[in-house]
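Peer 1: If you scroll down you'll find the structure; I have some questions about it.
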Amino acid sequence: GPACVWLDANMTLPGLAMARSIGDHLVTSIGVIAEPEVMEHELGRDDLFLIMASDGVWEFISSDEAVAICAPIVAQAGATEACTKLIERAAAKWREEEGDYRDDITAIVCKFPCLQQRPA
Numbered sequence: 678g679p680a681c682v683w684l685d686a687n688m689t690l691p692g693l694a695m696a697r698s699i700g701d702h703l704v705t706s707i708g709v710i711a712e713p714e715v716m717e718h719e720l721g722r723d724d725l726f727l728i729m730a731s732d733g734v735w736e737f738i739s740s741d742e743a744v745a746i747c748a749p750i751v752a753q754a755g756a757t758e759a760c761t762k763l764i765e766r767a768a769a770k771w772r773e774e775e776g777d778y779r780d781d782i783t784a785i786v787c788k789f790p791c792l793q794q795r796p797a
């Protein structure tokens, strides 16, 4: 299975499969990295929305697939509806792959109306 962070050396207490926990310096001694990995991207006219999601979404959905799911819905119905569809698709993928088990599925879709193309 995946590498886990355990509360005790004998692995009898609960463990957690993770490597990063933003700001959680308490457990750095057992391998958790408290510093976030940060990337910057300058927004341009082609950047119409942003998808932020937990690993429960990204486990079975690629970035390209997430964009393909969200783009037409953001354009037609809005970010909330696109986010709902993305979460539904992620849940369906978990059911297909893992049956009754699934990780947490969290997502936010933000539309950038200030960057939308305006008709001439």
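Taking the working numbering, the leading residue of the sequence shown gets 678, the next gets one more, and so forth.
Every residue, glycine too, gets a C-beta built ideally from N, C-alpha and C.
1. Is there contact here, the region 755 to 774 with the region 740 to 747, by at least three beta-carbon pairs under 8 Å?
2. When DSSP labels each residue in this structure, what does ILE764 get in the three-state scheme?
3. Per DSSP, what kind of secondary structure is CYS787 in: helix, strand or coil?
4. Report the rounded CA-to-CA distance for ILE782 versus GLU775, giving the unit in angstroms.
5. Tell me the rounded alpha-carbon separation between ARG772 and GLU719.
6. What is the DSSP secondary structure of ALA745, reduced to helix, strand or coil?
7. Please name the residue in ALA730, CYS787, PHE789, SER740 whose C-alpha comes closest to that of ASP780.
8. Going by other Cβ atoms of all chains shown within 10 Å of its Cβ, with 16 needed for buried, is ILE699 buried or exposed?
9. Have a look at VAL751 and ALA768 and give me their C-alpha separation to the nearest angstrom.
10. Pick out whichever of ALA756, LEU727, GLY708, ALA754 has its Cα sitting closest to the Cα of GLU717.
11. Please report the straight-line C-alpha distance between LYS770 and ALA756, rounded to a whole angstrom.
Peer 2: To lay it out plainly:
1. Yes, they touch.
2. helix
3. strand
4. 14 Å
5. Computed Cα separation, rounded: 36 Å.
6. helix
7. ALA730
8. exposed
9. 20 Å
10. When only C-alpha atoms are compared, the closest one is LEU727.
11. Per the coordinates, the alpha-carbon of LYS770 lies some 21 Å from the alpha-carbon of ALA756.
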